[in-house]
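Accompanying notes for the structure given below.
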Amino acid sequence: MSTQVKTQPNGVNVDQLVQTVNAIKDNPGLARFQFRASTKWLNGGHSRTTVKGFYGAGQEDTSRTRAFVLEGDEPAVLLGNDAGPNAVESVLQALASCLTVGFVYNAAARGITVKSLEFDLEGDVDLHGFLGLSDDVRPGYEGIRLVYRADCDAPPEKVAALWAHVKKTSPVLDIITNPVPVTIAAAK
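The sequence shown finishes on residue 308 if you use this note's numbering, and the numbering steps up by one all the way, no holes.
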């Protein structure tokens, strides 16, 4: 008896990836997703966020059997207890995570083997904006610098083309670099 083994370059099921892309081409409504999170303040700067359910691929997803729990806090110098990264540090993690997925998935689809991928990120914040001490200083990042190290079995021009595609299609990079409408309302 012969068994067919699916190859999964970079740990990505390329057959399933292609099927997903084709399904969305055939039914564009499948591309609409809604992600959700619930956050509860605990004490001081400490909050806890849970992430579990989401809507996607035309239905409410029930595949997750447990919620992900994310702690948020501030370092002691910012009056916190260091129970977790602060929100602007979480933005850096979200950016690196998103770029990782984009790079690895797209590399697999292009037949590129990724041996290793690492990021170093830095973001600069001037507290004058956050503390309301200046209307001329924005409260968020003034800029983010990201340096990556990628070891792949592809020539530099293919890796450069891959990065160009990843930067163009990264949801989190888009969220950070383009204004996103946000509505804030009290619960009824």
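C-beta atoms are modelled at their ideal positions from N, C-alpha and C, and glycine is treated no differently. Bear in mind that the values here come from a model prediction, so they are computed numbers and not experimental data.
Exercise. Between ALA306 and SER290, what straight-line distance do the alpha-carbon atoms span, to the nearest angstrom?
Worked result: Indexing the sequence shown from 1 puts residue 306 at position 186. Indexing the sequence shown from 1 puts residue 290 at position 170. If you take the alpha carbons of ALA306 and SER290, they lie about 31 Å apart.
Problem set entry | Inter-residue Cα distance where the pair is ALA137 and ILE232 | In the sequence shown, residue 137 corresponds to position 17, counting from 1. In the sequence shown, residue 232 corresponds to position 112, counting from 1. The sequence given here places Leu at residue 137; Ala does not occur at that position. Each residue's Cα considered, the two are about 15 Å apart.
For this session: Taking all protein chains shown into account, decide if VAL267 is buried (16 or more other Cβ within 10 angstroms of its Cβ) or exposed.
Result: If you number the sequence shown from 1, residue 267 lands on position 147. So VAL267 ends up on the exposed side.
Exercise. Does DSSP put VAL302 in a helix, a strand or coil?
Worked result: Counting from one through the sequence shown, the residue named residue 302 turns up at place 182. The answer is coil: DSSP assigns VAL302 none of H, G, I, E or B.
Exercise. For PRO205 versus GLY192, is the C-beta distance shorter than 9 Å?
Worked result: For this step, residue 205 is matched to residue 85 along the sequence shown. For this step, residue 192 is matched to residue 72 along the sequence shown. Yes; because the gap between Cβ atoms is below 9 Å, this pair is in contact.
Exercise. Going by DSSP, what residues sit across from THR169 in a beta bridge?
Worked result: Taking the sequence shown and counting its residues from 1, the one referred to as residue 169 is at position 49. Bridge partners of THR169: THR159, LEU190.
Exercise. Closest to GLN128 by CA distance: which of GLY243, ALA229, ASP146, ILE295 is it?
Worked result: As a position in the sequence shown, residue 128 is number 8, starting the count at 1. Measuring from the Cα of GLN128, the nearest candidate turns out to be ALA229.
Problem set entry | Those runs of the alpha helix (DSSP H) which lie wholly inside the stretch 203 to 249 and span at least 4 residues | 207 to 229
For this session: Specify the secondary structure class of LEU150 as computed by DSSP and reduced to three states.
Result: Residue mapping note: residue 150 aligns to position 30 of the sequence shown, counting from 1. It is helical.
Exercise. For LEU150 versus GLY178, is the C-beta distance shorter than 9 Å?
Worked result: Against the sequence shown, residue 150 aligns to sequence position 30. Against the sequence shown, residue 178 aligns to sequence position 58. Yes.
For this session: For GLY131, decide whether its Cβ has a neighbour in chain B, counting only Cβ atoms nearer than 9 Å.
Result: Here there is only one protein chain, and chain B is not present.
Problem set entry | CA nearest to the CA of ARG265, picked from LEU241, ASP135, LEU253 | Numbered from its first residue, the sequence shown carries residue 265 at position 145. Minimum Cα distance to ARG265 is reached at LEU241.
For this session: Helix, strand or coil for ASP271, going by three-state DSSP, please let me know.
Result: Numbered from 1 along the sequence shown, position 151 holds the residue referred to as residue 271. ASP271: strand per DSSP, three-state reduction.
For this session: Please name the residue or residues paired with GLN179 in a DSSP beta bridge.
Result: Here residue 179 is taken as the residue at index 59 of the sequence shown, counted from 1. DSSP lists GLY176 as partners of GLN179.
Exercise. How many Å lie between LEU162 and GLU262 at the Cα?
Worked result: Within the sequence shown, the letter at position 42 stands for residue 162. Within the sequence shown, the letter at position 142 stands for residue 262. So the two alpha carbons sit approximately 29 Å from each other.
Exercise. With distances taken from CA atoms, which of VAL208, GLN213, PHE188, ASP273 is nearest VAL234?
Worked result: Translated into positions along the sequence shown, residue 234 becomes position 114. Looking at the Cα atoms, ASP273 is the closest of the given residues.
Problem set entry | Which of helix, strand or coil DSSP assigns to LEU282 | Here residue 282 corresponds to residue number 162 of the sequence shown, with the count starting at 1. The answer is helix: DSSP assigns LEU282 an H, G or I state.
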